[in-house]
Each structure stands twice: as structure tokens, then as C-alpha cells.
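Note that the UniProt record's numbering has the sequence shown beginning at 1, numbered continuously upward.
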Amino acid sequence: MSSVQRAFSRKLSKQHVADVRRQIATSTSYYCVFFLFLLSSVSGFFSTMSLYEVLEPLDYEKFLGQHQSVLDRDPLKPILDFPPRDVELRVIKRKIRTEEPVVSHKSIDTVSPYVKRCIESFLQTGS
């Protein structure tokens with residue numbers, strides 16, 4: 001038999017946790033800065049910013065209103081259009097999974113306020 005060394009028999013070099021964190025932090029920040037640089041050179045909407053700066057969420061309708069002239073020339077304008085009723089709300093009734101109702105049909109007014117609130121929360125539809 002030849003002396004073939006198996007792959008798992010070699011000892012792997014271990015990196016310290018601090019080295020791994022440093023490597024990830026530098027590579028991530030480099031790619032983020034590079035990506036922001038590319039975006040700023042392609043479009044006037046983006047500007048380079050600090051990676052640690054706290055950003056407020058973008059108001060979509062306000063952004064579209066401010067950049068309407070640029071968006072009118074955009075070939076993908078239909079993607080940016082949103083219908084006035086783009087959200088639909090449905091209430092789905094819960095299924096009763098027991099043969100007999102868990103909550104009695106007696107008057108809820110006779111119980112303590114705490115028990116009354118518990119029963120009401122149990123009977124809510126989940127909306």
C-alpha cells in the first residue's frame with residue numbers, strides 16, 4: 001500500500017476570532033463603499049455616506065414627487081406606479097377545534113373584569 005494521506009488527517013490552521021472579525025469588517029466596508037461609489041457615479045440620486053450614519057425610512061410618495069421629471073423618462077416607469085388601493089384587508093374567522101365550546105355561553109357580565117378581558121381576547125378574530 002502506498003502512503004496516501006487522507007484529507008481530514010491534516011490539521012487545519014485556526015484563525016483567532018478577532019482576526020476573523022477584522023477581516024469581515026474590512027471586506028464588508030470595502031464592498032459597501034465601492035457599491036455606494038458606483039451608485040453615486042451612475043445616478044444623481046445617491047451620494048456617498050458614512051456606514052455608521054442612522055437613516056430615516058424613505059417616504060416613497062414624497063421621493064416620487066420630488067424626482068418626477070427623471071422618473072417620467074425612465075423606461076421602467078410602469079414598475080414604479082402603484083395603484084391607489086394596493087392594500088387589501090381580510091378577516092379570516094378562527095376555526096373552533098374542539099367539539100364543545102371552551103368558553104361557556106353564560107353571561108360575561110357576572111365574572112370579574114380580569115376574567116372578562118381574558119374571555120374577550122380568546123374570542124377575538126385575530127385582526
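Quick reminder that beta carbons are idealized off the backbone N, C-alpha and C, glycines included.
Alpha carbon to alpha carbon, how far is residue j from residue i? Give it in angstroms, no decimals.
i	j	result
isoleucine 100	arginine 117	Per the sequence presented here, residue 100 reads as glutamate, with isoleucine not at that position. So the alpha carbons of these two residues sit roughly 21 Å apart.
leucine 64	arginine 85	17 Å
lysine 62	glutamate 88	22 Å
threonine 110	phenylalanine 122	17 Å
valine 115	arginine 97	22 Å
lysine 95	glutamate 56	41 Å
histidine 16	arginine 22	10 Å
serine 107	arginine 90	30 Å
proline 78	aspartate 72	10 Å
leucine 76	valine 54	30 Å
aspartate 59	aspartate 19	40 Å
Output needed for residue i: all residues of its chain with C-beta closer than 6 Å, excluding positions within five of it in sequence on either side, in chain order.
i	result
glutamate 120	none
proline 113	none
For residue i, I'd like the list of residues in its chain whose CB is within less than 7 Å of its CB, leaving aside the five on either flank, ordered along the chain.
i	result
valine 70	none
Excluding the 5 residues preceding and the 5 following residue i in the sequence, name in chain order all residues of the same chain whose CB lies nearer than 8 Å to its CB.
i	result
aspartate 74	Leu80
Alpha helix (DSSP H) runs contained entirely in the UniProt domain "Dedicator of cytokinesis C/D N-terminal" (53-123), provided each spans 4 or more residues: For the UniProt domain "Dedicator of cytokinesis C/D N-terminal" (53-123), whole alpha helix (DSSP H) runs of length 4 or above, ordered along the chain, are 60-66, 68-72, 77-80, 113-123.
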